[in-house]
Every structure is written in structure tokens, then in C-alpha cells.
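Structure first, then comments.
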Amino acid sequence: MDVLINGFLGINGFGLTKTCLLSDGIAAVGGADTALKKSDLKKEYIRDMSEAVNGLNFIDGRYDVLIDFSSPKATPYISEYVSKTCTPALILTTGQSEKNIKLLKRAAKIAPVAVVKNASAGINAVAKILRPLSLYLDGYSVGITETHRRGKKDSPSGTALFLKDCIAESVPNSSVEMNSVRLFNEFGKHEIIFRNGEEQVTVTHEVLSRSCFYSGAISIAKKLVTMPAGFYTDTDF
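Each residue of the sequence shown is one higher than the one before, counting from -15 in the numbering used here.
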């Protein structure tokens, strides 16, 4: 599988780039990032990429899948790239606007497009647990607290909103109290608390290494390239 990473110089983008370069079954890794400088091309890992350019419009190669770890500002360009090249796209950038989602759904008529809030296997297991648990604990007060590194832009996190949606699927009129904490270099921690006057049930997921995002992204991408054109989300994987 040949992989194109948009936003490959970011924290997660670069981590994914290194993981892909060291992974069996991935033949080529290309990247686009508007922050790219000439001096970056000589750096470790970047010099091993099939190509590294300033934007998707400069990409020469053909890739089996595009994985985006950048900014919502890049979404219109991704939509255009997918439509022109019929390249499947996995969008891992959170904080997407309704306008961006519409653009991606339009591109999804040409090739499979997935918008995934969190690629880790653990958080998706939590999501599956939450649906029946929320129904069983209907009537309990519910709160979600998410903790991330200082500097994370979206608040609440995309994952916290995803988990809130999972609860709403089972209990449509549920009220969920959302709390965001920005602390040190936390990779990501989500606590879902169900409480009544007699007891409390807490489900916790904590990221111990960012590598769970990268292995998860590769796993989802491998599934996505086998799927027909269409718009997909976390629940499809």
C-alpha cells in the first residue's frame, strides 16, 4: 500500500510518517505540508519519503490512500484532490465544519472518504461499550471529562464529542456535561462518568503512547481502500 500523508510535519503527521516508513506492507510514503522548508528535506525519515512537497497540488505520484493529520483549513484541498485523483481519504483532523463535511461527502461520491475522530482501537472499543451501557444506565447523570496537552486547539476534543454522540444514539434526550482540561503534555484521556445518588460507574481511556493513533490509522486505511465510494465514520470500522 502506498500512503500519502497530508500534514506530515505535525506531531501526529510525523509520527504516522515514521510508522509508515518502518511498516511492512507499505511500499511508498509521500507527504504534503505547507510548513515544509528546503532544509527539512535532508532530515531523517523525510529524506526516505517518495516525495515531500508544500501542498497537495504539487503531488506527482499516485497513492492508494491519503491520510490527513493537518487542519480543517486543508479540507477543501483534500476534497478537490480526492475528486481529481479518485484517491481514498482517511480524515483524522478534528474540528471539521458542516461546510467541510459537505465537501467531503461530495468527494465521497468519487472515492471512499472516512472522517474518524480517533483512530485508536481502544477508544473505538469504548464507543461500542458506551451504547448499551448508556441504555442500561438511563436516568443516571452523565459527564465526560477530556484531558489533553496544552495548545490543543479544539475544545471539547473531537473524541469527546464522538463519545457524547454514542450516548445520544442510545438515549436521545440525554444531557451530558462536558469538561475540558489542558494540562502538561497529556496525549489524551477521556473519562465517562455515570452517577446517581447511590453509585457511580466510570469508563476511562488513556493514551500512553501516540503510536496507538498511527497503528490504528494504518489499520483503518487498509480497510478503507477495499471499500466502495461512500462517506464513512468511526462506526464503520
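Heads up, the beta-carbon is just placed ideally off N, CA and C, and yes, glycines get one too.
Per-residue burial, Pro140 [other beta carbons within 10 Å of its own, 16 or more giving buried]: On the sequence shown, residue 140 is found 156 positions in, with the first residue counted as 1. Result: buried.
Evaluate the contact criterion for the segment 189 to 196 versus the segment 89 to 107: three or more CB pairs, one atom per stretch, below 8 Å. yes
Who are the Cβ neighbours of Asn180 in its own chain at under 6 Å, not counting the five residues just before and after it? Here residue 180 refers to the residue found at position 196 when the sequence shown is read from its first residue. Excluding sequence neighbours, Asn180 sits near Tyr124.
Distance, Ser34 Cα to Ser16 Cα: One-based indexing of the sequence shown puts residue 16 at position 32. One-based indexing of the sequence shown puts residue 34 at position 50. The identity of residue 16 in the sequence shown is Ala, whereas the question assumes Ser. Taking the straight line joining both Cα atoms gives about 11 Å.
Per DSSP, which one or two residues make a beta bridge with Thr188? Locating residue 188 in the sequence shown gives position 204, counting from the first residue. Glu175, per the DSSP bridge assignment.
So what does DSSP say about Phe42, is it helix, strand or coil? Residue mapping note: residue 42 aligns to position 58 of the sequence shown, counting from 1. Residue state, collapsed to three classes: helix.
Considering only residues of the same chain and omitting the five flanking positions on each side of Phe(-2), which have a CB-CB separation below 8 Å? Within the sequence shown, the letter at position 14 stands for residue -2. Correct list, in chain order: Phe(-8) and Tyr29.
Residues near Gly79 in its chain [Cβ-Cβ closer than 6 Å; skip 5 each side]: In the sequence shown, the residue the question calls residue 79 occupies position 95. Only Pro56 and Asp138 meet the Cβ criterion.
Cβ atoms of Ile204 and Cys4: under 8 Å apart, would you say? Mapped onto the sequence shown, residue 4 falls at position 20. Mapped onto the sequence shown, residue 204 falls at position 220. No.
Is Val160 near Gly200, with beta carbons less than 8 Å apart? Within the sequence shown, residue 160 is the residue found at index 176, counting from 1. Within the sequence shown, residue 200 is the residue found at index 216, counting from 1. For Val160 and Gly200, no; Cβs fall outside 8 Å.
Residues near Leu87 by beta carbon distance below 7 Å, same chain, minus five either side: Taking the sequence shown and counting its residues from 1, the one referred to as residue 87 is at position 103. So the qualifying residues of the chain are Thr59, Pro60 and Ser63.
Beta bridge counterpart(s) of Arg166 as assigned by DSSP: Residue numbering aside, residue 166 sits at position 182 when the sequence shown is read from its first letter. Answer is His132, bridged to Arg166.
Name the two residues that bound the continuous beta strand (DSSP E) containing Thr59. Mapped onto the sequence shown, residue 59 falls at position 75. Where Thr59 is concerned, there is no enclosing beta strand (DSSP E), although the alpha helix (DSSP H) it sits in stretches over Thr59 to Thr69.
Which term fits Ala19, buried or exposed, when burial requires 16 or more other beta carbons within 10 angstroms of its beta carbon? For this step, residue 19 is matched to residue 35 along the sequence shown. With fewer than 16 Cβ atoms within 10 Å of its Cβ, Ala19 is classed as exposed.
Helix, strand or coil at Gly(-1) [DSSP, three-state]: Here residue -1 refers to the residue found at position 15 of the sequence shown. Correct three-state label for Gly(-1): helix.
Could you tell me which uninterrupted alpha helix (DSSP H) segments, each at least 4 residues in length, are contained entirely in the segment 133 to 162, listed from first to last along the chain? The segment 133 to 162 contains these whole alpha helix (DSSP H) runs: 142 to 154.
So, for Leu119: in the same chain, excluding its five sequence neighbours on each side, which residues have a beta-carbon less than 6 Å away from its beta-carbon? Here residue 119 refers to the residue found at position 135 when the sequence shown is read from its first residue. Counting only Cβ-Cβ distances below 6 Å, and skipping sequence neighbours, we find Ser154.
I need the DSSP call for Val99, collapsed to helix, strand or coil. What you label residue 99 is simply residue 115 of the sequence shown in a count that begins at 1. Strand.
Determine, using beta-carbon pairs with one atom in the segment 65 to 84 and one in the segment 157 to 175, whether at least three such pairs fall under 8 Å. no
Please report the straight-line C-alpha distance between Asn38 and Gly45, rounded to a whole angstrom. The residue given as residue 38 occupies position 54 in the sequence shown. The residue given as residue 45 occupies position 61 in the sequence shown. Approximately 14 Å between the Cα atoms of the pair.
Could you round the C-beta distance between Ala12 and Asp32 to whole angstroms and report it? I think they count as a contact, below 8 Å. Taking the sequence shown and counting its residues from 1, the one referred to as residue 12 is at position 28. Taking the sequence shown and counting its residues from 1, the one referred to as residue 32 is at position 48. Not really, about 10 Å apart at Cβ, beyond 8 Å.
Buried or exposed for Ala53, please, with buried defined as at least 16 other CB atoms from any protein chain shown within 10 angstroms of its CB. Your numbering for residue 53 matches position 69 in the sequence shown. Sequence inspection shows Phe at residue 53; the Ala mentioned does not correspond to that position. Burial call: buried.
State the Cα-Cα distance for the pair Lys27 and Ser7, rounded to the nearest angstrom. On the sequence shown, position 43 is the one that residue 27 refers to. On the sequence shown, position 23 is the one that residue 7 refers to. Using only the alpha carbons, I get a separation of about 19 Å.
How would you write the range of the alpha helix (DSSP H) that Gly181 sits in, first residue to last? Against the sequence shown, residue 181 aligns to sequence position 197. Here Gly181 belongs to no alpha helix (DSSP H), and DSSP marks it neither H nor E.
Classify Thr71 as buried or exposed, calling it buried when 16 or more other Cβ atoms lie within 10 Å of its own Cβ. As a first step, residue 71 is located in the sequence shown; it is residue number 87 there, counting from the start. Buried: at least 16 other Cβ atoms inside 10 Å.
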